[in-house]
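Heads up, the thing below is written out as structure tokens.
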Amino acid sequence: MSENLLNNTNSEYSINIINSKETYPVRHPILRAGKPIESCVFDGDDFETTIHLGLFSKNKLIGISTFLEKNNSSFSETKQYQLRGMAILKEFQGKNLGNLILKEGESLLKKKDVEIVWCNAREVALNFYKRNNYKIIGNSFNIKDIGLHYTMFKML
Ligand SMILES: CC(C)(COP(=O)(O)OP(=O)(O)OC[C@H]1O[C@@H](n2cnc3c(N)ncnc32)[C@H](O)[C@@H]1OP(=O)(O)O)[C@@H](O)C(=O)NCCC(=O)NCCS
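In terms of the UniProt record's numbering, the sequence shown opens at residue 1 and continues consecutively.
Structure, rendered in structure tokens:
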């Protein structure tokens, strides 16, 4: 496994770069519950430009996020990334740990000169993204089997 990206050798939490399959133990129960494991595969998961972050408590994976180089025509910036698969295991939700992994991802993207990060946010996650200074663009839309979403973005 890669080195801890957090500057916190004393904390119980660490963040590491992981591969796409390593996200499944969180992607599956939290984002694709009751669906086949194949539903955990995202387009572009294994592109060289894609970054998967894993948040660990001791050695247990408890949170994930994926950042994919992908342009959305709502934005004019040339260097855009999409945030997908943001999830924290249920028993660890509501402890601000989502912020930790999101901030780390944004900081990695900034170093790659990415100008804007955007996501299709589930309605239940709107407040989480708003607290992290993401703004809504456009109207809500439905994604089959998952529900209402909003496109949200943040300039880096
Ligand atoms: C969205 C998510 C990544 C946020 O991460 P987090 O670390 O839980 O974020 P926070 O600690 O800031 O809290 C999130 C919410 O949980 C609430 N909460 C508080 N205590 C809680 C508890 N014991 N258990 C669960 N949620 C709790 C908070 O009030 C907050 O609600 P709000 O965002 O509506 O204001 C995480 O909750 C999650 O994985 N949700 C399910 C998957 C999902 O929807 N992902 C986003 C896809 S776009």
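Idealized CB from N, CA, C, for every residue including glycine.
Do E106 and V117 have their C-beta atoms within less than 8 Å of each other? yes
Residue environment, V26, which counts as buried when at least 16 other CB atoms sit within 10 Å: Flag for V26 reads buried.
When you compare each of R32, P36, L6 and V41 to G54 by their alpha carbons, which one comes out closest? L6
Is C119 close to ligand 1? I mean its beta-carbon at under 7 Å from any heavy atom of the ligand. yes
CA-CA distance, G147 and F141? Each residue's alpha carbon lies about 8 Å from the other.
Is any non-hydrogen atom of ligand 1 found closer than 7 Å to the C-beta of L148, if you look at the structure I gave you? No; taking the cut-off as 7 Å, the Cβ of L148 has no heavy atom of ligand 1 nearer than that.
Which of helix, strand or coil DSSP assigns to V124: helix
Can you tell me the Cβ-Cβ gap for K154 and N120, rounded? I've got them flagged as a contact below 8 Å. Not quite, the Cβ-Cβ distance comes to about 14 Å (not below 8 Å), so this is no contact.
Identify the continuous alpha helix (DSSP H) that holds N99 and give its terminal residues. L97 to K111
Span of the beta strand (DSSP E) holding Q82? Taken as a continuous stretch (DSSP letters only), the beta strand (DSSP E) holding Q82 covers Q80 to I88.
Can you tell me whether S20 is helix, strand or coil according to DSSP? Here S20 sits in coil by DSSP.
Taking the alpha carbon of I113 as the point to measure from, which residue in K60, N71, S20 and Q80 has its own alpha carbon closest? Reading off the sequence shown, one finds Asp at residue 113, where the question assumed Ile. Looking at the Cα atoms, Q80 is the closest of the given residues.
Could you tell me the distance, in whole angstroms, from the CA atom of A87 to the CA atom of R122? Their Cα atoms are separated by approximately 11 Å.
DSSP state of I137, grouped into three classes? strand
Taking 7 Å as the cut-off, is the C-beta of N142 nearer than that to any heavy atom in ligand 1? Not under cutoff, so the answer is no.
Comparing the C-beta of L68 with each C-beta of chain D, is any distance below 8 Å? Of the chains in the structure shown, none is chain D; there is only one protein chain.
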